[in-house]
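Working notes, beginning with the structure itself.
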Amino acid sequence: TQLLEQSPQFLSIQEGENLTVYCNSSSVFSSLQWYRQEPGEGPVLLVTVVTGGEVKKLKRLTFQFGDARKDSSLHITAAQTGDTGLYLCAGGVNTGTASKLTFGTGTRLQVTL
Amino acid sequence: GAVVSQHPSWVICKSGTSVKIECRSLDFQATTMFWYRQFPKQSLMLMATSNEGSKATYEQGVEKDKFLINHASLTLSTLTVTSAHPEDSSFYICSARDRRVGTEAFFGQGTRLTVV
Chain A
799 TQLLEQSPQF
809 LSIQEGENLT
819 VYCNSSSVFS
829 SLQWYRQEPG
839 EGPVLLVTVV
849 TGGEVKKLKR
859 LTFQFGDARK
869 DSSLHITAAQ
879 TGDTGLYLCA
889 GGVNTGTASK
899 LTFGTGTRLQ
909 VTL
Chain B
3 GAVVSQHPSW
13 VICKSGTSVK
23 IECRSLDFQA
33 TTMFWYRQFP
43 KQSLMLMATS
53 NEGSKATYEQ
63 GVEKDKFLIN
73 HASLTLSTLT
83 VTSAHPEDSS
93 FYICSARDRR
103 VGTEAFFGQG
113 TRLTVV
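So the protein sequences, as listed, match chains A and B. Each residue of the first sequence is one higher than the one before, starting from 799 at the first, in the working numbering. Each residue of the second sequence is one higher than the one before, starting from 3 at the first, in the working numbering.
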């Protein structure tokens with residue numbers, strides 16, 4: 799069973815602060831995705847990384863895929879209250895015709911004024 | 003982006019009854035759909051992979067006779083929770099892959115099931 803551990807599990811910060819969320823596994827993934835989920839809704843895809851060492855930026859969010867494709871990080875600069883939500887990483891594994899996603903344990907972020 | 007719609011958004015049913023949840027890809031064809039379950043404040047756990055025109059592949063520990071999955075067309079998959087019990091109460095989420103865009107999966111808005 800592939801496990802993706804996220805840390806921290808919960809983070810409460812003030813607006814303007816920076817933060818980093820980590821996603822670690824002992825397994826290699828063909829792709830790594832980050833999602834944000836609001837209460838009562840499905841996850842929304844933020845980014846997909848597929849190459850070891852890849853770095854992608856999405857406005858104030860920076861995503862990095864580890865060289866060995868086993869881990870990833872999400873860095874948020876100058877957090878805003880709108881960033882509040884559950885952040886999930888998900889590792890993709892190609893299984894024939896389908897690519898299964900294994901979700902991480904989740905990081906709940908709360909940004910306050 | 004691609005749109006995946008789930009219906010209903012929430013449902014309350016009596017213990018012992020069956021409930022059907024629909025997952026539709028609105029603007030693309032999805033040969034593969036996935037069903038997840040999410041308990042409060044926890045992550046998503048994959049229940050099964052639904053392939054159009056064939057039997058679903060269930061994850062270890064998921065009862066296939068209790069969670070019936072049908073993927074009869076390229077845009078629709080259904081999950082039926084049979085003989086529901088209070089412990090089946092959960093947030094059920096589907097996702098669908100558009101093979102044209104690689105490994106990205108698009109998620110429905112989820113269905114909150116409460117069994118009383």
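We put the beta carbon where it would ideally sit given N, CA and C, even for glycine. Fair warning: this is a prediction, and the values are worked out from it, not measured in the lab.
Should residue i and residue j be called a contact, given that it needs their Cβ atoms to be closer than 8 Å?
i, j, result
"B/A50", "A/L899", "no"
"B/T82", "B/K22", "yes"
"B/W116", "B/S20", "Looking at the sequence provided, one finds Thr at residue 116 of chain B rather than Trp. No."
"B/L70", "B/A32", "no"
"A/W832", "A/L801", "no"
"A/T905", "A/Q812", "no"
"B/F36", "B/S56", "no"
"B/H73", "B/E61", "no"
"A/L844", "A/L856", "yes"
Following the continuous beta strand (DSSP E) through residue i, name the residue where it begins and the one where it ends.
i, result
"A/T903", "Premise fails: A/T903 is in no beta strand (DSSP E) and is neither H nor E."
"B/A74", "F69 to S75"
"B/T116", "T113 to V117"
"B/T34", "T34 to Q40"
"A/F827", "Where A/F827 is concerned, there is no enclosing beta strand (DSSP E), given that its DSSP letter is neither H nor E."
"B/Q8", "V6 to H9"
"A/N816", "Here A/N816 belongs to no beta strand (DSSP E), and DSSP marks it neither H nor E."
"A/Q812", "F808 to Q812"
Kindly indicate which three-state DSSP category residue i falls into: helix, strand or coil?
i, result
"B/E24", "strand"
"A/D881", "helix"
"B/D29", "coil"
"A/D869", "strand"
"B/R102", "helix"
"A/E803", "strand"
Leaving out five residues on either side along the sequence, give the residues of the same chain with a beta carbon under 8 Å from the beta carbon of residue i.
i, result
"A/S829", "T846, V847, V848, G889, G890 and S897"
"B/G119", "Because chain B in this structure spans residues 3 to 118, residue 119 of chain B falls outside the shown range and cannot be described."
"A/Q807", "T903, G904, T905 and R906"
"B/V118", "I14, C15, K16, S17 and P88"
"B/E65", "none"
"B/D67", "T84"
Using 8 Å for Cβ pairs, my map puts residue i next to residue j. What's the rounded Cβ distance?
i, j, result
"A/G902", "A/E803", "7 Å"
"B/R114", "A/G838", "7 Å"
"A/G840", "B/G63", "No, A/G840 and B/G63 are not in contact; Cβ-Cβ is about 23 Å, not under 8 Å."
"A/S810", "A/Q878", "Between A/Q878 and A/S810 the Cβ distance is about 14 Å, and since that is not below 8 Å, they are no contact."
"A/L886", "B/S45", "6 Å"
"B/S97", "B/V6", "7 Å"
Spatial neighbours of residue i within its chain, please: C-beta separation below 6 Å, excluding the five flanking residues on both sides.
i, result
"B/L78", "R26"
"A/L884", "Q835, G904 and R906"
"A/R867", "V826, F827 and G850"
"A/Y820", "S805 and S871"
Can you list, in chain order, the residues of its chain whose CB lies under 7 Å from that of residue i, leaving out five sequence neighbours each side?
i, result
"A/T875", "N816 and R858"
I want to see whether chain C comes within less than 8 Å of residue i, judged by CB atoms only; does it?
i, result
"A/K868", "Going by chain labels, chain C is absent from the structure shown, which instead holds the protein chains A and B."
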